[in-house]
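Reviewing the structure listed below.
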């Protein structure tokens with residue numbers, strides 16, 4: 006976190022009223038892709054906590070993926086990323102934009118994640134958009 010302040014002149018977390026904006030968090034370190042992504046989500050959780058928010062308060066995510074080279078490889082990576090995402094967001098779905106990119110600032114990072122949270126929104130009733138019916142087997 007200190008490098009963000011001293012070298013790049015930005016804050017990892019900004020709180021404006023009840024809104025919390027978390028700057029991009031790179032994946033890693035970790036022995037496997039999955040460990041790196043879980044570490045990313047754990048750092049997100051820690052950043053949110055410093056501002057008084059929780060994972061349940063997250064309303065929007067933007068993920069930047071540097072290893073995919075085309076839609077097929079992006080889909081393959083997403084198939085590994087999405088189940089870990091579901092571990093951290095088991096009962097609500099924040100808005101989410103996933104973007105492929107050619108490079109990230111952190112050397113070796115496969116993914117960078119930005120988040121927006123609204124403190125207390127995880128405890129309040131929210132409009133629930135009906136989830137689609139399960140897909141037929143094999144689709």
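Numbering (the working numbering), first residue to last: 6 to 144. Backbone N, C-alpha and C fix where the C-beta goes; we use that ideal spot for every residue, glycine too. Because the structure is a prediction, the values reported are computed rather than measured.
Thinking C-beta only, is residue 27 closer than 8 Å to residue 53? The residue you call residue 53 lines up with position 48 of the chain shown. The residue you call residue 27 lines up with position 22 of the chain shown. Going by C-beta atoms, residue 53 is nearer than 8 Å to residue 27.
In this structure, what does DSSP give as the bridge partners for residue 119? Taking the chain shown and counting its residues from 1, one reaches residue 119 at position 114. In the DSSP output, where bridge partners are listed per residue, residue 119 has 67.
Can you find at least 3 beta carbon pairs, one from the segment 89-98 and one from the segment 45-62, that sit closer than 8 Å? Output reads yes: the segment 45-62 touches the segment 89-98.
Return yes when the Cβ of residue 66 is within less than 8 Å of the Cβ of residue 99, no when it is not. In the chain shown, residue 99 corresponds to position 94, counting from 1. In the chain shown, residue 66 corresponds to position 61, counting from 1. Yes, Cβ-Cβ distance for residue 99 and residue 66 is below 8 Å.
For residue 101 and residue 69, I'd like the C-alpha separation in whole angstroms. As a first step, residue 101 must be located in the chain shown, where it is residue number 96. As a first step, residue 69 must be located in the chain shown, where it is residue number 64. Each residue's CA atom was taken as its position, placing residue 101 and residue 69 some 11 Å apart.
Go through the segment 50-109 residue by residue and report every complete run of the beta strand (DSSP E) that reaches 3 residues or more, in order. Counting whole runs of 3 or more residues, the segment 50-109 contains the beta strand (DSSP E) stretches 63-70 and 100-105.
Roughly how far, in whole angstroms, is the beta-carbon of residue 33 from the beta-carbon of residue 22, given that I think they are within contact range, below 8 Å? Walking along the chain shown from the start, residue 33 turns up at place 28. Walking along the chain shown from the start, residue 22 turns up at place 17. In fact, because the Cβ distance is near 32 Å, the residues do not count as touching under 8 Å.
Have a look at the DSSP bridge pairing and note the partners of residue 31. Reading the chain shown from its first residue, position 26 is the one you call residue 31. As DSSP reads the structure, residue 31 sits in a beta bridge with 117.
CB-CB under 7 Å to residue 56, same chain, minus the five flanking residues each way: which ones, in chain order? Within the chain shown, residue 56 is the residue found at index 51, counting from 1. Closer than 7 Å at Cβ, skipping near neighbours: 18, 20 and 25.
Sorted by chain position, which residues of the same chain lie with C-beta nearer than 6 Å to residue 103's C-beta, five sequence neighbours on each side aside? Walking along the chain shown from the start, residue 103 turns up at place 98. The residues are 68.
Extent of the continuous beta strand (DSSP E) to which residue 20 belongs: Within the chain shown, the letter at position 15 stands for residue 20. DSSP places residue 20 in the uninterrupted beta strand (DSSP E) bounded by 18-21.
Taking the Cβ atom as the reference point for each residue, do residue 118 and residue 35 lie within a distance shorter than 8 Å? Within the chain shown, the letter at position 113 stands for residue 118. Within the chain shown, the letter at position 30 stands for residue 35. No, these two residues do not count as a Cβ contact at 8 Å.
For residue 82, is the classification buried or exposed, using 16 other Cβ atoms within 10 angstroms of its Cβ as the cut-off for buried? The residue labelled residue 82 in the question sits at position 77 within the chain shown. Of the other Cβ atoms in all chains shown, 16 or more fall within 10 Å of the Cβ of residue 82; this residue is therefore buried.
Closest by C-alpha distance to residue 42, when choosing among 138, 120, 109 and 89: Locating residue 42 in the chain shown gives position 37, where the first residue counts as 1. Among 138, 120, 109 and 89, the Cα nearest to that of residue 42 is on 89.
Between the Cα of residue 105 and those of 116, 112 and 111, spot the shortest distance and give me the residue it belongs to. Along the chain shown, one-based indexing puts residue 105 at 100. Nearest to residue 105 by alpha-carbon distance, out of 116, 112 and 111, is 116.
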